[in-house]
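Here's the structure, in C-alpha cells; my notes come after.
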Amino acid sequence: MNLRDAGAHPPGAGFHIAFSASSRKAVDQFHAAALAHGGIDNGAPGLRKHYGPNYYAAFVVDPEGHRIEAVINRACD
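Heads up: the sequence shown begins at 315 in our numbering, then just goes up one per residue.
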C-alpha cells in the first residue's frame, strides 16, 4: 500500500527528528559519521543549556534535507 494513498503526508518545513543517544560520546560519533557521509553541520555537539542543564545534542541536515538530532539529557556520563 502506498502511504500517500492512506492519507500519509511527508513532514513540513521546520520538522526534525531526534534520536536518544546512550552517551555524549555517542552524540559526538553520530555527528562525525553524519558529516563523513554527506551530512551538513547544523549544530556541533555540545550542551544546549537553554533546553536544560544536561541537554547535550548535535544537529545535522542529511543529504536529502532531513534535519536530524542526537541527544542525551542527563548528567555527564
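Yeah, the Cβ is synthetic: ideal placement off N, Cα and C, and Gly gets one too.
Computed from a prediction, not measured in an experiment: that's the story for all the values here.
Here A372 is bridged, per DSSP, to A384. DSSP lists A371 as the bridge partner or partners of G360. For G353 and V341, the gap between their C-alpha atoms comes out near 15 Å. Under the three-state reduction of DSSP output, A335 falls in the coil class, being neither helix nor strand. By the neighbour-count criterion, in which 16 or more other beta carbons inside 10 Å mark a residue as buried, F344 falls on the buried side. The beta-carbon distance between R388 and N356, rounded to whole angstroms, is 23 Å. This is too long to meet the 8 Å contact definition. The alpha carbon of F333 has as its nearest neighbour, out of G321, A350, V374, L349, the alpha carbon of V374.
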